[in-house]
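To keep things clear, I will list the structure first and then write my remarks on it.
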């Protein structure tokens, strides 16, 4: 009965590969997010989806593409992986749109290592 | 410019000491929300508290307390009688048009 789940927890891959990280929330929330946390622990929002519409895209390289098959899922696809993509990626969800008082509920994170 | 500043990068305290984590934010909105999250060594992000900009009452929850002062744009977090389990990275965040996290303060409680 995990609220926000991500798979895989760890992902090790070679430079140039394409990979995906899956995220699912069972909270019935309207909005989902992807964050990147770098080695210095800095958290930066990458995307958010509200009812299948992309509403934030923070100048993330177009090698990264979010895909939301339904309200409960927001997957992250990464093409042509680079060394600098190594980080922990967090999925999150909140009940309503970004302009909201609602806290965000985070998944456990996916540690991506690009060799 | 950083919307949320946590000037203390790392803090170490001895168990049972009190510790205050500072958070200063910047916004032109009159309606906004402030949050604190905890990230223990296991890596997950745990929500601790939310405050809206119209409610400056301080809040206490067990050993945790929060001091919100609009006049200084600060939302500081105090842990009383710290315990080893409090060791974590603590993030302050501001929600206006979007969510902004501070850079985090790494707290180590030494037994």
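Protein chains in written order, with my numbering: chain L, 1361 to 1475; chain P, 544 to 654. Virtual Cβ for every residue (Gly too), placed ideally from N, Cα, C. All values derive from a computational prediction rather than experimental measurement.
As a quick exercise: from the options, pick the residue whose alpha carbon is nearest that of residue i.
{"i": "residue 1405/L", "options": "1437/L, 1393/L, 1470/L and 1468/L", "result": "1393/L"}
{"i": "residue 1454/L", "options": "1388/L, 1435/L, 1415/L and 1402/L", "result": "1388/L"}
{"i": "residue 1400/L", "options": "637/P, 642/P and 632/P", "result": "632/P"}
{"i": "residue 1456/L", "options": "1464/L, 1424/L and 1433/L", "result": "1464/L"}
{"i": "residue 1421/L", "options": "1448/L, 1402/L, 1364/L and 1436/L", "result": "1436/L"}
{"i": "residue 549/P", "options": "643/P, 640/P, 583/P and 635/P", "result": "635/P"}
{"i": "residue 586/P", "options": "1462/L, 1409/L, 1444/L and 1369/L", "result": "1369/L"}
{"i": "residue 547/P", "options": "653/P, 641/P and 637/P", "result": "637/P"}
In the DSSP assignment, find the beta strand (DSSP E) that holds residue i and state where it starts and stops.
{"i": "residue 1406/L", "result": "1403-1410"}
{"i": "residue 1471/L", "result": "1470-1474"}
{"i": "residue 1434/L", "result": "1433-1438"}
{"i": "residue 610/P", "result": "607-612"}
{"i": "residue 1429/L", "result": "1424-1430"}
{"i": "residue 1397/L", "result": "1391-1397"}
{"i": "residue 628/P", "result": "It is not in any beta strand (DSSP E) - residue 628/P carries neither H nor E in the DSSP assignment."}
{"i": "residue 1420/L", "result": "Counting along the chain, residue 1420/L falls outside any beta strand (DSSP E), and DSSP gives it neither H nor E."}
{"i": "residue 1382/L", "result": "1379-1385"}
{"i": "residue 1365/L", "result": "1364-1367"}
{"i": "residue 651/P", "result": "648-653"}
Determine whether the beta carbon atoms of residue i and residue j lie at a separation below 8 Å.
{"i": "residue 1431/L", "j": "residue 1398/L", "result": "no"}
{"i": "residue 630/P", "j": "residue 646/P", "result": "no"}
{"i": "residue 1367/L", "j": "residue 1474/L", "result": "no"}
{"i": "residue 1378/L", "j": "residue 1439/L", "result": "yes"}
{"i": "residue 618/P", "j": "residue 577/P", "result": "yes"}
{"i": "residue 1383/L", "j": "residue 1414/L", "result": "no"}
So, under 8 Å CB-CB, residue i and residue j are touching, yes? Tell me the CB distance rounded to an integer number of Å.
{"i": "residue 1450/L", "j": "residue 1466/L", "result": "5 Å"}
{"i": "residue 655/P", "j": "residue 594/P", "result": "Lying before the first or after the last residue shown, residue 655/P is absent from chain P, which here runs from 544 to 654."}
{"i": "residue 626/P", "j": "residue 558/P", "result": "6 Å"}
Ordered list of beta strand (DSSP E) runs contained in the stretch 552-611 of chain P, each at least 3 residues: 553-557, 562-564, 576-582, 589-595 and 602-604
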